[in-house]
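For the sequence shown, the residue numbers in our numbering are 1021 to 1134.
Yeah, the Cβ is synthetic: ideal placement off N, Cα and C, and Gly gets one too.
The structure presented is a predicted model; accordingly, all values stated were derived computationally and were not measured.
What follows is a set of notes on a single structure, which appears directly below.
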Amino acid sequence: MPLAKQWLASLSAEPFGVPGVVAMELVMGCRDQADQRQVQKFVRRFQILWPDASEFAHAYDLLAAYRLGFGVGIPDCLIAATALSRNATLLTFNLKHFQAIRGLDVRQPYLRAP
């Protein structure tokens, strides 16, 4: 079983959500309707975390603070603001952008095979 599937299976007892922006990025990466159906079926397994107005405002502040020095973009700021306001741990392989954001608990979900 691939590492990602093993890791996802291990999360069954923990609350787990997917930022709305991430769900949208997954749909954006679909090549055809069959691929999109598969992605949508996968995403339905999780709670989708849509940012509220205060999280959008916080994302704006994060963008202003971290865009020029660290190259953090709009989607990453929305993801970070959502995680920060909900006191959630952000699991990602994109540690470069997120580690710069003060107060954000960001971790790599599992070790990738070399």
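Opposing strand residues paired with residue i [DSSP bridges]
i: residue 1110; result: 1126
i: residue 1068; result: 1038
Exposure label - residue i; buried when at least 16 CB within 10 Å
i: residue 1102; result: buried
Beta-carbon spacing of residue i, residue j below 7 Å
i: residue 1068; j: residue 1041; result: no
i: residue 1109; j: residue 1125; result: yes
i: residue 1062; j: residue 1036; result: no
i: residue 1130; j: residue 1023; result: yes
i: residue 1100; j: residue 1082; result: yes
Under the three-state DSSP convention, the category residue i falls into
i: residue 1091; result: coil
i: residue 1040; result: helix
i: residue 1133; result: coil
i: residue 1055; result: helix
i: residue 1060; result: helix
Point to revise | At least 3 beta-carbon pairs within less than 8 Å: the segment 1031 to 1048 vs the segment 1090 to 1109 | key: yes
Exercise for review: Please determine if the segment 1079 to 1092 and the segment 1118 to 1131 are in contact, where contact requires at least 3 C-beta pairs separated by less than 8 Å.
Suggested key: yes
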